[in-house]
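Asks: Heads up: the sequence shown runs through residues 53 to 230, numbered per the working numbering. Here you go, one structure.
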Amino acid sequence: MNRVLRLFAAVFLASGCVSFTASSARAQNDSAVSAQNPGQSGTSAAASQTPDKKVWTNDDFKSHPRRGASSSPDSNSKPPNTASKPKSNNSNKNAAWYRAQISKLQGQIPPIDEKILQLQAALNGQQVNSPRPYGWSKPDDWHAQLAKYQGQRDDIQTKISALEDEARHNGVSENEIP
53 MNRVLRLFAA VFLASGCVSF TASSARAQND SAVSAQNPGQ SGTSAAASQT PDKKVWTNDD
113 FKSHPRRGAS SSPDSNSKPP NTASKPKSNN SNKNAAWYRA QISKLQGQIP PIDEKILQLQ
173 AALNGQQVNS PRPYGWSKPD DWHAQLAKYQ GQRDDIQTKI SALEDEARHN GVSENEIP
């Protein structure tokens, strides 16, 4: 395998050297030819080699039909079948699904509330029954931990209210939602 890589590298290096020397030799031949023919100007030889570039003006654009910002002309049009299709009721989301999701989220709140109560008691100077774990890293500030747990609780409450709103929007009665 090592020999194959060495052979490949040698061939690649050799082909690179050959292409470099060939291009530099062509460039030297072109300058030698222009030096031998002083009657021709150097700019005419360069002009004959490079094609002229087109400069567009506003008049050139007025003759073309206008298109939108997209690359295809029909990208803004909708297929005819999309308007006639009725919207489904968010796949399989029924009252039982919403009830399960909301109860799962509500089950996450009591442990967070317990942690918040313990931290608030510790911050108020009351005795805490559980030791604070240190581990290998520096322990967090109690105020930072309290803010983190309150943020988690607020996020869960926001998710619950969003699910309740979605359920009401999808026709689930409030009596079926916990």
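Backbone N, C-alpha and C define an ideal beta-carbon position, used for all residues, glycine too.
If you draw a straight line from the C-alpha of Gln158 to the C-alpha of Ala214, how long is it?
Replies: On the sequence shown, residue 158 is found 106 positions in, with the first residue counted as 1. On the sequence shown, residue 214 is found 162 positions in, with the first residue counted as 1. Answer to the nearest angstrom: the Cα atoms are 13 Å apart.
Asks: Does Asp165 come out as helix, strand or coil in the three-state DSSP assignment?
Replies: The residue given as residue 165 occupies position 113 in the sequence shown. Helix.
Asks: Assuming Leu171 and Gln197 are in contact, meaning their beta carbons sit under 8 Å apart, how far apart are those beta carbons, in whole angstroms?
Replies: As a position in the sequence shown, residue 171 is number 119, starting the count at 1. As a position in the sequence shown, residue 197 is number 145, starting the count at 1. Between Gln197 and Leu171 the Cβ distance is about 6 Å, and since that is below 8 Å, they are a contact.
Asks: Whole angstroms are fine: how far does the CA of Lys106 sit from the CA of Phe64?
Replies: The residue labelled residue 64 in the question sits at position 12 within the sequence shown. The residue labelled residue 106 in the question sits at position 54 within the sequence shown. Straight-line Cα distance between these residues: approximately 39 Å.
Asks: Using beta-carbon positions only, say whether Ile154 and Arg205 come within less than 8 Å of one another.
Replies: Within the sequence shown, residue 154 is the residue found at index 102, counting from 1. Within the sequence shown, residue 205 is the residue found at index 153, counting from 1. No, these two residues do not count as a Cβ contact at 8 Å.
Asks: In whole angstroms, what is the alpha-carbon distance linking Ala199 and Ala174?
Replies: In the sequence shown, residue 199 corresponds to position 147, counting from 1. In the sequence shown, residue 174 corresponds to position 122, counting from 1. Cα to Cα, the separation comes out at about 14 Å.
Asks: Assuming Ala220 contacts Glu228 under a Cβ cut-off of 8 Å, what Cβ separation, rounded to an integer in Å, is found between them?
Replies: Counted from its first residue, the sequence shown places residue 220 at position 168. Counted from its first residue, the sequence shown places residue 228 at position 176. Residue 220 is actually Arg in this sequence, not Ala. At roughly 10 Å, the Cβ-Cβ gap does not stay under 8 Å, so Arg220 and Glu228 are not in contact.
Asks: Glu218: which of Ser115, Arg151 and Thr102 sits nearest, CA to CA?
Replies: Position 166 of the sequence shown, counted from the start, is the residue given in the question as residue 218. Checked all of Ser115, Arg151 and Thr102; the closest Cα to Glu218 is Arg151.
Asks: Could you tell me if the beta carbon of Pro230 falls within a distance shorter than 7 Å of some heavy atom in the ligand NAP?
Replies: Only the bare structure without any ligand can be found here, which leaves the ligand NAP out of the picture.
Asks: Comparing C-alpha positions only, which one of Ile212, Met53 and Leu59 sits nearest to Trp149?
Replies: Within the sequence shown, numbered from 1, the residue matching residue 149 stands at position 97. The residue with the shortest Cα to Cα distance from Trp149 is Ile212.
Asks: Give me the Cα-Cα distance between Pro163 and Ile208, rounded to the nearest whole angstrom.
Replies: Position 111 of the sequence shown, counted from the first residue, corresponds to residue 163. Position 156 of the sequence shown, counted from the first residue, corresponds to residue 208. So the alpha carbons of these two residues sit roughly 12 Å apart.
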